[in-house]
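Accompanying notes for the structure given below.
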Amino acid sequence: VWIDYPCKGTESVICEITLKNDEEIITTRTTLNEYECEARWLRFENKCFITNTTEVTRDKNENYCKSLNASLVSINSDDENNFLASRLIDVAYWTAVQRVKVNDSILEWTDGTELNNTNWILQKLYKPTCLVKEACIAFINGKYYCTYWDLKHSQLCSKPAKFREVKNTSNHTINGKHLKEQLKEMKSEIVHLMQTIHTKPKHLFQANTSRNAHLSKETDSNVY
């Protein structure tokens, strides 16, 4: 149905293209899987991070994270550690690490993830600030050090990134006649190659026949 419509109106777009002889359009569709974070959040792989340089106690940092539907940060790989270290410079941030038991050298992330980072600032963990139950860990420049719950540090939170599919459609114009000619040439070359492999030259065949006959005579002369 055709109707009159103001030229300055806003509507969907439709275009056309005139193909030459023997041309056709090939449409390809690809789907990309991506992760994304909200504004002001930093994304690393499938995690989002947000910082707040207002210094607070660990409990207040944890409450701040919960208000954002996030949690204190667990850093689980060297790549993730380096990513944060390159962006959070010369400022101490709270992490989700804490000591499991009093006078115990075991440290773990509060989400239950095993602690496998080894780049500690302190050479020895058996120091007074690391032996009490309240001991926890702060992050600065890619390193870690022991601190107390009631001290104040900058805030750091993380949460899973949102997953989305990005669909991309693209059109490619090809010349059907030219493509058929190329395929025909390729077929001819393959047939010729197969014939060359399976057809033995006559002079080589004759040479091998004479050589086999000579070897047969030598064998007969050595039989007693």
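Okay, so the sequence shown: first residue is 4 according to the working numbering, each after it adds one.
Don't be surprised by glycine CBs; every beta carbon is placed ideally from N, CA and C.
CA-to-CA distance, E37 to M189, given in whole angstroms | 40 Å
Is it right to say R61 is buried, meaning 16 or more other beta carbons lie within 10 angstroms of its own, or is it exposed?
-> buried
When we look at the beta-carbon of F166 and count the other beta-carbons within 10 Å, is it buried (16 or more) or exposed?
-> exposed
Where does E48 sit, in a helix, a strand or coil, going by DSSP?
-> coil
Hey, would you say N144 sits closer than 8 Å to A88, going by beta carbons?
-> yes
Note down, in chain order, each residue of its chain lying with its Cβ closer than 7 Å to the Cβ of N55, except the 5 sequence neighbours on either side.
-> Y67, S157 and Q158
Alpha carbon to alpha carbon, how far is D153 from I53?
-> 22 Å
Pull up the CB-CB distance for A138 and R102, whole angstroms please, since I reckon it's below 8 Å.
-> 5 Å
Specify the secondary structure class of L71 as computed by DSSP and reduced to three states.
-> coil
Considering only residues of the same chain and omitting the five flanking positions on each side of L71, which have a CB-CB separation below 8 Å?
-> I53, C160 and K162
Can you tell me which of the three DSSP states K155 falls into?
-> coil
Bridge-paired residues (DSSP) for N55 = Q158
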